[in-house]
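Worksheet: the structure to be examined is printed underneath.
Protein chains in written order, with the numbering used here: chain F, 1 to 96; chain A, 1001 to 1167.
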């Protein structure tokens, strides 16, 4: 059962996007919904936590427990970062 | 959608940052150098453009204008890329302890920002060369903070300039 819920109680979370590394798809001021029980795959936009902050990035690669993420806007986000699966908060499913 | 916004105005959503702020430690000033070389090359290519006469025909004018527009766009884009790449390393990588050894680092970054704007405003190979020199100095400082000696090698680019690389 824990596997099904991916260790998360709430299935949906709301986030306000700040900064521009996901432009033009997600601009500063956009709000998004994440589905926190979703299985993620390459190309998904995800919200994850790191050092007490939440980030929104696109998932570019999965290798075992490691996930590579990067921004869509290369002028603002030139680096690719690696996170672990347990850092994922949820998959972005809706922008409003 | 409006309904969700109303909910958000009452119960504030969490913030999801879309900037690159994870300390992954992967930085390289090489892209800034390549961009500075590109600015220099575009400037030189605009300078080299010449009409066949004092009063070229319409087709030739069209060709020259189109070429200048294309070269200028690339020059503009790469001047901004220099700024972006230098800013990322300056803002995310450099720490206060680096400043004790490299006291003019802030000043150098400030000069690069100004120079990158200047090369956009002008078509001046000397100014483009100055930007490249500043970015090379920035690259040298970056590698020295990582205890890496640097070497200047011929880039192999049409600019015939050098790039600063770690040994």
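C-beta atoms are modelled at their ideal positions from N, C-alpha and C, and glycine is treated no differently.
Here DSSP, grouped into helix, strand and coil, assigns residue 29 of chain F to coil.
Residue 10 of chain F sits exposed, since fewer than 16 C-beta atoms from the chains shown fall within 10 Å of its C-beta. In this structure, residue 67 of chain F sits away from residue 93 of chain F, with a CB-CB distance that is not shorter than 7 angstroms.
With 16 or more other CB atoms across the displayed protein chains lying within 10 angstroms of its CB, residue 1037 of chain A is buried. Assignment of residue 1018 of chain A by DSSP, reduced to helix, strand and coil, places it in the coil class.
Look at residue 54 of chain F: its C-beta is under 7 angstroms from a C-beta on chain A. About 6 angstroms separates the beta carbon of residue 89 of chain F from that of residue 49 of chain F, a gap short enough to meet the 8 angstroms contact definition. The alpha-carbon separation between residue 1123 of chain A and residue 1079 of chain A amounts to approximately 12 angstroms.
Annotation: residue 1033 of chain A has no Cβ neighbours in chain F at a cutoff of 8 angstroms; minimum Cβ distance is about 14 angstroms. Taking 7 angstroms as the threshold, the shortest C-beta distance from residue 16 of chain F to chain A falls below it. Around residue 1005 of chain A, the beta-carbon contacts reaching into chain F at under 8 angstroms are 31 and 96. In summary, residue 1003 of chain A is exposed, with fewer than 16 beta-carbon neighbours lying within 10 Å of its beta-carbon over all protein chains present. With a threshold of 7 angstroms between beta carbons, residue 19 of chain F makes contact with chain A.
By the beta-carbon neighbour count (other beta carbons within 10 angstroms, threshold 16), residue 1158 of chain A is exposed.
Looking at the DSSP output, residue 68 of chain F sits in a beta bridge with F:61 and F:82. Residue 40 of chain F has a beta carbon lying at 7 angstroms or more from every beta carbon in chain A.
Counted as a single uninterrupted DSSP element, the beta strand (DSSP E) harbouring residue 1166 of chain A occupies residues 1162-1166. Shown here, residue 13 of chain F sits in a strand according to DSSP, grouped into three states. Below the 8 angstroms Cβ cutoff, chain A contributes 1018 as neighbours of residue 26 of chain F, in chain order. With the rule of 3 Cβ pairs closer than 8 angstroms, the stretch 1138-1147 of chain A counts as touching the stretch 1084-1098 of chain A.
Residue 91 of chain F is classed as buried because its beta carbon has at least 16 other beta carbons within 10 Å across all chains shown.
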